[in-house]
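Notes for the one structure printed next.
And the structure:
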């Protein structure tokens, strides 16, 4: 697998708040909408003043996106893993 560093804000992330958890369902990056087919893992970094929530997501293109939700309602695509 190849890792491509992105570090760009996401325009929109569609989420489901369920049982106290954040579950991303789709996201908009640039002009393309990606459907999330699997949440591979998630984690919370509570060290900053506002917690950061990280997600490893398999999207409908087959790529794996690592995204970060910062407590100020901003989402960022950190990197993409491709074959």
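Numbering (the working numbering), first residue to last: 194 to 276. Glycine included, each C-beta is placed from N, C-alpha and C at the ideal position. All values derive from a computational prediction rather than experimental measurement.
- Counting the other Cβ atoms within 10 Å of the Cβ of residue 222 gives 16 or more, which makes it buried.
- The region 232-243 and the region 195-204 do not touch, with fewer than 3 CB-CB distances between them shorter than 8 Å.
- When DSSP states are grouped into helix, strand and coil, residue 213 belongs to the coil group.
- In the three-state scheme derived from DSSP, where H, G and I count as helix and E and B as strand, residue 204 is classed as coil.
- Apart from the 5 residues on each side of it in sequence, residue 244 sits with its Cβ closer than 6 Å to the Cβ of 237 and 264 in its chain, given in chain order.
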